[in-house]
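Residue numbers (the working numbering), protein chains in the order written: chain Y, 1 to 330; chain B, 1001 to 1330.
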C-alpha cells in the first residue's frame, strides 16, 4: 500500500549552522553584520574552519514548511538536493527526526551541501553567509513520481526557479501532480526572485497553480502594483486560491468571489520574523489537506506564524497541533 | 432651479462647548474625568454657569460628516433639530459658515439645543457632558422632501433610531430618497446603539440601505460575530456597499463580489480619534457622489480620517480637497 501524504514539498535543502561569536570575529573574517551574504565554496570552507562549533539545523523555506506540517501532525515528503557529505546527512537526519520522508538521493559528486553559516552576536544580530551548493543541482531525475501522486498538495518554493535544471524538475513535478488530480501550491519566496521571473510566474499562475502563497512585497512585485488592494484586484481573474500574508496586518485569502480578511494572532514580543511565511504555509496547507474551510486554513497559518516569530529560528519549537487544539481550531 | 446636493445628512444637532479647566474644577463639579457623561437639562444649566467661557463648535456625528464633505468641496444639506436659543443659533452659524444648508426650523418650545460640554484639562483629557435636548425632537415634519430629492445620497446617523419620533422621520426620509431614485447610506454609530436595535437595523439592511458605514465593533455587534472575517462573510448576502473601518488596520469595502482591502493613511501622531468615522464617511461619500470607483472612495475616506485624528476635535482643520489633490486622488 502506498503511503499517503498531505504535502509533497520541493525546495532548497539548506543546513543552518548557528554559532555564537563576537564582533571581533565578524571583523576579522570580513562578515557584514546583520545581513545575508551569498558566499562561494571557497569561502564556506574557510568560514567553517574558523567558526566556533555551533548548532546544525535543517533549514530552507519549503523544508521549514514541512517541519511545521509535521508539528501539526501532518504527513509530508520533501524533495531537495544535498551532497553525500556531513551536512547532507545532518539535513536528512533533521527531516527524519520529525517524521518527514526525504527520498531524494544525495549527490555523490559536485558541490557540497548548501549551508547558511549564521554568526549570532550577543546583541541578537544574525550575520548570515549562504552557500547554495548542492541544492542548485536538483534534476528531473530527483522528482519522485510516487510521492507526488500520493500527496494531496505539491508545494513548490519559488527560489528553485533560479536554476534552469530545477525549473525543468518543477515542470515535471507539476505534470505529475496534475495527471494525478493533485493540487499545486507555489510560494513566490522573495520580491527579487519575482522580479527575475515575473512573466514565467504569471504564466504558471494562469493554468498550473491552484494555491499561491505570497507576502505583500512579493505579490506587489508580481502584479507591479503600488498597493495591496491593487494586488487583490489583479487576482480577481485567478481561478485558484491566493493566500496573501501581511505581517502584523494578518492575511487575506482570496478565492474568486470569496475573500477572507484575517487578523494576525497576537504575539507578546516579536523576536525573529524568519520563517513566518514558511510556517503560515505549513498551517494553511495542513488545514487545506484536511478539508478545512478557507478561513480556518488561514487561521491555522496565522497561528503557526505567531509561534515562530516569538522565538529565534525558522521552525516551530512547540507543538503546533497542541496550540491549534487549544485555540479550538483542531 | 433646484439646488443639487451631493449628500443630505440626517442626525443629531449638537453644539460642543470646549473649555479649559483644572482637575479641581472637575472635582468641585462632580465631573467624571476622561469619559462621556450623559446629563439632564438641570445639570447642563448648572454646568454652563460655572464652566469658564470656551469655544463653541457645531458637532454631532452626521453634521461632522457634512463639515468634512464641505472641506472636500462637496455640496451638502443637513437636517437635525435645535431650539431657537443661543446654542441653536451657534449650531446653524457653524454649518452656514462652511456652506452646508440647514433648512430644519428650530423648535420654539421644549428642550434646549443639545450640547456637549467638554472640560479639557492640561493633561489633554476630555471630560464630556452630553445633553441631547432638542435633537431628540426631530419629527416627520422636519424632513425636507426637496432637499432629499435633490441629493445623490441620503446619509443617516444610527443614533437617531433611539427616538421613536425620529425613527418615523427617518422612514419618511428613506421613502423620499427611494421614490426619487437616490441612494440611502446609514452609519451604525455605536456598538450599544446596534445592540439596542439589531433586528430593526438588520431589517433596514435587507432592502432599504445602499451603503452601510460601520466600524469593526459596530459591525461585529450587528452580525454577532466574534471576528472581522465573520462580519465580511455575513455581508455576502448584502446587496449594497459596506464600508467597514478598522482604525489602524484601514478599511475594507465590500460590494458583492468586489472586496477592497485598503490600508490606513500614515499619521505621525494620533492625538484624538474623535470623528475618525465621521470623516471617513465624508471622504467616501464625496467620492461616491462624484462617481469615483470604490477603492478611491475608500482612499478619500482614509485620507479624511487621517487628517482629523492628527489634531483635537472632530472636524477637519485643513482643506481636505487640497490634501486629496496633493495625494493625487482629485
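Even glycine gets a Cβ: it sits at the ideal position worked out from N, Cα and C.
Exposure label - residue i; buried when at least 16 CB within 10 Å
{"i": "residue 260(Y)", "result": "buried"}
{"i": "residue 1142(B)", "result": "buried"}
{"i": "residue 1102(B)", "result": "buried"}
{"i": "residue 34(Y)", "result": "exposed"}
{"i": "residue 1124(B)", "result": "exposed"}
{"i": "residue 24(Y)", "result": "exposed"}
{"i": "residue 1233(B)", "result": "buried"}
{"i": "residue 1(Y)", "result": "Residue confidence is low: residue 1(Y) scores 43 on pLDDT, short of 50, so the model does not pin down where it sits. No coordinate-derived value is stated."}
{"i": "residue 1201(B)", "result": "buried"}
{"i": "residue 104(Y)", "result": "buried"}
{"i": "residue 256(Y)", "result": "exposed"}
{"i": "residue 271(Y)", "result": "exposed"}
{"i": "residue 1268(B)", "result": "exposed"}
{"i": "residue 1224(B)", "result": "exposed"}
{"i": "residue 199(Y)", "result": "exposed"}
{"i": "residue 140(Y)", "result": "exposed"}
{"i": "residue 1032(B)", "result": "exposed"}
{"i": "residue 1325(B)", "result": "exposed"}
{"i": "residue 203(Y)", "result": "exposed"}
{"i": "residue 1226(B)", "result": "exposed"}
8 angstroms Cβ shell around residue i - same chain, five flanking residues per side excluded
{"i": "residue 1301(B)", "result": "1243, 1245, 1251, 1279, 1280, 1281, 1282, 1283, 1284 and 1287"}
{"i": "residue 1277(B)", "result": "1061, 1187, 1213, 1215, 1245 and 1305"}
{"i": "residue 70(Y)", "result": "76, 98, 99 and 100"}
For residue i, the nearest candidate out of the options (CA to CA)
{"i": "residue 181(Y)", "options": "102(Y), 154(Y), 258(Y) and 108(Y)", "result": "154(Y)"}
{"i": "residue 185(Y)", "options": "324(Y), 127(Y), 240(Y) and 179(Y)", "result": "240(Y)"}
{"i": "residue 331(Y)", "options": "227(Y), 221(Y), 254(Y) and 249(Y)", "result": "Nothing about residue 331(Y) can be reported from this structure: the residues present for chain Y run from 1 to 330 only."}
{"i": "residue 91(Y)", "options": "49(Y), 17(Y), 325(Y) and 270(Y)", "result": "17(Y)"}
{"i": "residue 1320(B)", "options": "1072(B), 1010(B) and 1056(B)", "result": "1072(B)"}
{"i": "residue 1247(B)", "options": "1266(B), 1121(B), 1237(B) and 1238(B)", "result": "1266(B)"}
{"i": "residue 146(Y)", "options": "139(Y), 165(Y) and 173(Y)", "result": "173(Y)"}
{"i": "residue 1078(B)", "options": "1030(B), 1118(B), 1148(B) and 1051(B)", "result": "1148(B)"}
{"i": "residue 138(Y)", "options": "264(Y), 51(Y), 170(Y) and 256(Y)", "result": "170(Y)"}
{"i": "residue 27(Y)", "options": "12(Y), 66(Y), 121(Y) and 296(Y)", "result": "121(Y)"}
{"i": "residue 15(Y)", "options": "31(Y), 88(Y) and 330(Y)", "result": "88(Y)"}
{"i": "residue 12(Y)", "options": "59(Y), 3(Y) and 226(Y)", "result": "59(Y)"}
{"i": "residue 22(Y)", "options": "119(Y), 326(Y), 48(Y) and 10(Y)", "result": "119(Y)"}
{"i": "residue 1307(B)", "options": "1292(B), 1289(B) and 1327(B)", "result": "1327(B)"}
{"i": "residue 128(Y)", "options": "47(Y), 289(Y), 203(Y) and 230(Y)", "result": "47(Y)"}
{"i": "residue 178(Y)", "options": "208(Y), 230(Y), 3(Y) and 117(Y)", "result": "208(Y)"}
{"i": "residue 296(Y)", "options": "330(Y), 309(Y) and 31(Y)", "result": "330(Y)"}
{"i": "residue 117(Y)", "options": "80(Y), 56(Y) and 106(Y)", "result": "56(Y)"}
{"i": "residue 1045(B)", "options": "1067(B), 1106(B), 1130(B) and 1126(B)", "result": "1130(B)"}
{"i": "residue 1004(B)", "options": "1309(B), 1290(B) and 1299(B)", "result": "1290(B)"}
{"i": "residue 1229(B)", "options": "273(Y), 229(Y) and 299(Y)", "result": "299(Y)"}
Beta-carbon proximity list for residue i, same chain, < 6 angstroms, skipping 5 on both sides
{"i": "residue 188(Y)", "result": "158, 194, 214 and 218"}
{"i": "residue 1064(B)", "result": "1275, 1278, 1314 and 1315"}
{"i": "residue 74(Y)", "result": "6 and 286"}
{"i": "residue 136(Y)", "result": "163"}
{"i": "residue 167(Y)", "result": "161"}
{"i": "residue 264(Y)", "result": "248, 250 and 302"}
{"i": "residue 1176(B)", "result": "1145 and 1148"}
{"i": "residue 1183(B)", "result": "1153 and 1210"}
{"i": "residue 1317(B)", "result": "1311"}
{"i": "residue 156(Y)", "result": "10, 170 and 186"}
{"i": "residue 1132(B)", "result": "1114"}
Nearest-angstrom Cβ-Cβ length linking residue i and residue j, presumed shorter than 8 angstroms
{"i": "residue 54(Y)", "j": "residue 19(Y)", "result": "3 angstroms"}
{"i": "residue 294(Y)", "j": "residue 323(Y)", "result": "Not confirmed; about 20 angstroms, so no contact."}
{"i": "residue 1050(B)", "j": "residue 1029(B)", "result": "6 angstroms"}
{"i": "residue 238(Y)", "j": "residue 205(Y)", "result": "6 angstroms"}
{"i": "residue 151(Y)", "j": "residue 191(Y)", "result": "Contact doesn't hold; Cβ gap of about 28 angstroms is too wide."}
Neighbourhood of residue i by C-beta distance below 7 angstroms, restricted to the same chain and skipping five residues each side
{"i": "residue 197(Y)", "result": "161"}
{"i": "residue 108(Y)", "result": "84"}
{"i": "residue 258(Y)", "result": "294"}
{"i": "residue 1106(B)", "result": "1082, 1083, 1084 and 1088"}
Cβ contact (3+ pairs, closer than 8 angstroms) linking the region 78-86 of chain Y and the region 104-115 of chain Y: yes
Cβ contact check for the region 86-95 of chain Y and the region 28-42 of chain Y: 3 or more pairs under 8 angstroms: no
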